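A.B. asks: Attaching a single structure in C-alpha cells format; questions to follow.
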Amino acid sequence: MEDLTDVYNELIMEHSMNSYNKRKLEKADFSEMGHNPNCGDEITLELKMNGNIIEDMAFSGHGCAISQASTSIMIDTLKGKTIEEAKDIIKTFIEMIKRETTDEEELKKLEDAIAFRNVSNMPARVKCALLAWHTMEDMLKNFNKN
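The sequence shown maps to residues 45 to 190 in the numbering used here.
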C-alpha cells in the first residue's frame, strides 16, 4: 500500500512543476501580490468574481516547490466557493499549518490542501506554504471594503 505521505509529496511535486493555475487571468477583478522576504518567494494572485462566488483564479511569480504547489492547490480548493466559504477554508488551512486544529472533519474541507499537513513539522517551510493563503486572506479583506 502506498504511503499517504508519498501521495501528498507526489501531489505537491505535480502542482509545483506544471501547474495549470500558473497563468495570466484575463479581465481579473482583483489582484494581490504576496512576498516572502525570508526566501524570496513572490506571487501575484488574480481573482475573477461572479457576484459572491470565486469564478476563476490564477497566479504568477516564482518561488520554491512548496510555495508554488500551495498556491496552485489553494486555487483548486477555492475556485467555485463563496467569499465566506473561502475565508473559512483559509482559516482552517492556517490553523492546520500552525497545529491549532487537528479535527479530521474540519480538515476535510481543505480537500487536496491537506497535503500540506506535515509542513507544520518543517518550520522553515511554514511561511512558504502560507504565502498564498495569507495573500488571499488579505485580498478577501479588501474585497469586503469595496
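Glycine included, C-beta positions come from ideal geometry on N, C-alpha and C.
Bear in mind that the values here come from a model prediction, so they are computed numbers and not experimental data.
Identify, in the order they occur along the chain, each residue of the same chain with its Cβ nearer than 8 Å to the Cβ of Lys125, setting aside the five sequence neighbours on each side.
C.D. replies: Ile97, Ile98 and Ile133
A.B. asks: In this structure, what does DSSP give as the bridge partners for Gly105?
C.D. replies: Ile87
A.B. asks: Using a Cβ-Cβ cut-off of 8 Å, state whether Met57 counts as contacting chain C.
C.D. replies: In the displayed structure, chain C is absent; only one protein chain is listed.
A.B. asks: Which residues bound the beta strand (DSSP E) around Met77?
C.D. replies: Phe74 to Asn80
A.B. asks: In terms of DSSP beta bridges, what is Ile98 paired with?
C.D. replies: Met93
A.B. asks: Following the continuous alpha helix (DSSP H) through Glu139, name the residue where it begins and the one where it ends.
C.D. replies: Ile127 to Ile141 is the extent of the alpha helix (DSSP H) around Glu139.
A.B. asks: Would you grab the beta carbon distance between His79 and Glu90 for me? Rounded to a whole angstrom, and I think it's under 8 Å.
C.D. replies: Contact doesn't hold; Cβ gap of about 16 Å is too wide.
A.B. asks: Taking only three categories from DSSP, how would you classify Phe71?
C.D. replies: Residue 71 is actually Lys in this sequence, not Phe. Coil at Lys71, not helix or strand.
A.B. asks: Lys171 by DSSP, collapsed to three states: which one?
C.D. replies: helix
A.B. asks: Can you tell me the Cα-Cα spacing of Lys179 and Glu76, whole angstroms?
C.D. replies: For the sequence presented, residue 179 should be read as Thr rather than Lys. Taking the straight line from one Cα to the other gives about 7 Å.
A.B. asks: Let's see if you can read the secondary structure: which residues bound the alpha helix (DSSP H) around Lys152?
C.D. replies: Lys152 -> alpha helix (DSSP H) spans Glu148 to Lys152.
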